[in-house]
Amino acid sequence: MIRVAILGASGYSALELMKLLLRHPGAEITALTTRQTDAKPVSEVHPSLSGRLDLRLENLSPGQVAERADCVFCCLPHGASAAAVAELLPRGKKVIDLSADYRLNDAAEYEKWYGVKHSDPERMPTTVYGLPEIYRERIQSASLVANPGCYPTSAILALAPLLRAGAILPSDIIIDSKSGVSGAGREAKSHLHFPECNESVSAYGVGKHRHMPEIDQVLTDVADAEVRVVFTPHLIPMDRGILSTCYAAPTGEFNEGSLLGVLKEFYANEPFVRVSSALPATKHVSGTNFCDITVRSVRGRVVVIGAIDNLVKGASGAAVQNFNLMHGFDETTALL
Ligand SMILES: NC(=O)c1ccc[n+]([C@@H]2O[C@H](COP(=O)([O-])OP(=O)(O)OC[C@H]3O[C@@H](n4cnc5c(N)ncnc54)[C@H](OP(=O)(O)O)[C@@H]3O)[C@@H](O)[C@H]2O)c1
Numbered sequence: 020m021i022r023v024a025i026l027g028a029s030g031y032s033a034l035e036l037m038k039l040l041l042r043h044p045g046a047e048i049t050a051l052t053t054r055q056t057d058a059k060p061v062s063e064v065h066p067s068l069s070g071r072l073d074l075r076l077e078n079l080s081p082g083q084v085a086e087r088a089d090c091v092f093c094c095l096p097h098g099a100s101a102a103a104v105a106e107l108l109p110r111g112k113k114v115i116d117l118s119a120d121y122r123l124n125d126a127a128e129y130e131k132w133y134g135v136k137h138s139d140p141e142r143m144p145t146t147v148y149g150l151p152e153i154y155r156e157r158i159q160s161a162s163l164v165a166n167p168g169c170y171p172t173s174a175i176l177a178l179a180p181l182l183r184a185g186a187i188l189p190s191d192i193i194i195d196s197k198s199g200v201s202g203a204g205r206e207a208k209s210h211l212h213f214p215e216c217n218e219s220v221s222a223y224g225v226g227k228h229r230h231m232p233e234i235d236q237v238l239t240d241v242a243d244a245e246v247r248v249v250f251t252p253h254l255i256p257m258d259r260g261i262l263s264t265c266y267a268a269p270t271g272e273f274n275e276g277s278l279l280g281v282l283k284e285f286y287a288n289e290p291f292v293r294v295s296s297a298l299p300a301t302k303h304v305s306g307t308n309f310c311d312i313t314v315r316s317v318r319g320r321v322v323v324i325g326a327i328d329n330l331v332k333g334a335s336g337a338a339v340q341n342f343n344l345m346h347g348f349d350e351t352t353a354l355l
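In structure tokens:
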């Protein structure tokens with residue numbers, strides 16, 4: 020049995036993680052952390068877990084966490100996560116970091132996009148990016164995995180097979196994404212209050228969203244050619260879900276059938292990517308670890324669309340998939 024700790028346990032991704040891990044036959048949740056000092060029962064912080072997990076959220080140091088756990092999931096904001104990771108790894112713990120702290124390879128890029136200096140830059144170039152469909156073998160032997168961002172998961176999974184096959188140009192990709200409000204976490208922010216975002220759709224972070232360099236980095240690696248996407252996220256008044264519609268220029272003659280064939284072949288053995296001719300919708304993947312993908316040909320352009328649940332395939336489901344790979348469990352354990 021692998022003893023598991025969750026840092027930042029009061030948040031949304033932590034809640035989803037607990038629900039998944041409670042179904043896992045090889046994992047036992049042994050520690051939950053918070054910055055608060057009053058050690059509330061988890062059922063008070065997350066009433067949906069009432070009767071399912073008898074633990075309190077505690078203000079624990081990384082050293083205390085390391086005594087109680089073999090593997091640690093960091094569900095903290097960026098910055099806070101790197102500080103904890105740097106103390107856990109030397110204690111021999113495996114870590115799955117859901118924050119953005121180790122996704123980018125380059126500390127200067129991180130500083131440029133996140134506006135702060137990285138506290139653990141030496142680990143950045145070698146940390147494995149936790150997208151099993153692309154980096155499965157490296158994840159299996161990793162001690163630290165950088166769990167992908169939610170928007171990047173939807174866009175990378177949609178575009179990677181077409182780039183790898185040389186079917187689309189790396190230089191001319193536009194990604195238009197929509198996310199539910201849980202993508203911003205549980206912390207109260209005025210623009211996320213119900214009257215502010217309900218019955219409204221808005222673009223944000225245009226040209227400067229932090230997931231843009233993450234998408235570039237992974238797709239550049241996949242394509243073996245420089246990829247620089249234009250990525251625009253939108254906030255949608257729903258709880259959860261991401262839909263990414265990606266526009267690309269074909270490299271040559273193509274038709275919908277051949278592109279669908281490329282996607283189907285790439286994901287033929289993947290348990291969590293469903294390629295079909297049907298248009299994806301967030302409702303069809305809600306609460307699941309699936310990414311649904313299709314492709315269309317429109318006036319000479321390739322339009323490839325991916326849908327995920329931001330809290331599952333976009334966060335905690337992917338984290339459990341990585342946990343399974345890192346510990347030799349069947350990859351689908353607790354996820355199907
Ligand atoms: N939401 C998503 O769809 C999603 C998807 C992919 C990745 N992520 C990433 O996963 C991480 C967690 O996201 P989330 O949505 O679960 O966030 P969240 O709901 O805001 O929860 C994060 C938790 O971390 C704790 N925390 C906040 N600031 C902290 C600080 N400065 N130092 C230490 N602890 C702090 C808080 O717990 P206490 O107040 O109890 O201490 C908070 O409940 C983030 O890095 C996020 O970018 C989120």
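Numbering-wise, this note's numbering puts 288 at position 269 of the sequence shown, and it's gapless, one number per residue.
A virtual CB, placed ideally from N, CA and C, is assigned to each residue, including glycine.
Note that this is a predicted model, so its numbers are computed, not measured.
Residue i in three-state terms, based on DSSP
i: Thr270; result: coil
i: Phe342; result: helix
i: His212; result: coil
i: Ala28; result: coil
i: Val225; result: coil
i: Pro189; result: strand
i: Arg205; result: coil
i: Leu163; result: strand
i: Ser219; result: coil
i: Thr172; result: helix
i: Arg183; result: helix
i: Ala326; result: strand
i: Arg22; result: strand
i: Arg157; result: helix
Top-ranked residue by Cα proximity to residue i, from the options
i: Gln159; options: Ala353, His346, Ala165 and Leu354; result: His346
i: Ala127; options: Asp139, Ser118, Asp116 and Leu117; result: Asp139
i: Thr270; options: Ile261, Val23, Ala186 and Ser305; result: Ala186
i: Asp73; options: Ala337, Leu26, Ala103 and Val64; result: Val64
i: Ser62; options: Pro44, Leu188 and Met37; result: Met37
i: Ser296; options: Asn124, Arg318 and Leu282; result: Leu282
i: Val114; options: Cys94, Asp125 and Gly98; result: Cys94
i: Arg71; options: Leu262, Tyr148, Leu41 and Cys310; result: Leu41
i: Ala268; options: Tyr133, Lys136, Val322 and Phe250; result: Val322
Closer than 7 Å: residue i CB and nearest ligand 1 heavy atom
i: Gln236; result: no
i: Cys169; result: yes
i: Cys94; result: yes
i: Glu206; result: yes
i: Thr53; result: yes
i: Ala119; result: yes
i: His303; result: no
i: Ser219; result: no
i: Ala105; result: no
i: His97; result: yes
i: Tyr31; result: yes
i: Ala165; result: no
i: Gly357; result: No answer is possible for residue 357: the residues shown for the chain start at 20 and end at 355.
i: Ser201; result: yes
i: Ser100; result: yes
i: Gly27; result: yes
Check: residue i C-beta below 7 Å from any heavy atom of ligand 2
i: Asn329; result: In terms of ligand content, the structure shown lacks ligand 2 and carries ligand 1 instead.
Minimum Cβ-Cβ distance from residue i to chain C less than 8 Å
i: Ser277; result: Looking for chain C here will not work: only one protein chain is present.
Alpha helix (DSSP H) runs contained entirely in the stretch 42-90, provided each spans 4 or more residues: 61-64 and 81-87
Secondary structure, alpha helix (DSSP H): runs of 4+ residues fully inside the stretch 101-155: 126-133
Every unbroken alpha helix (DSSP H) within the stretch 234-309, with a cutoff of 4 residues, ordered by chain: 275-285 and 301-304
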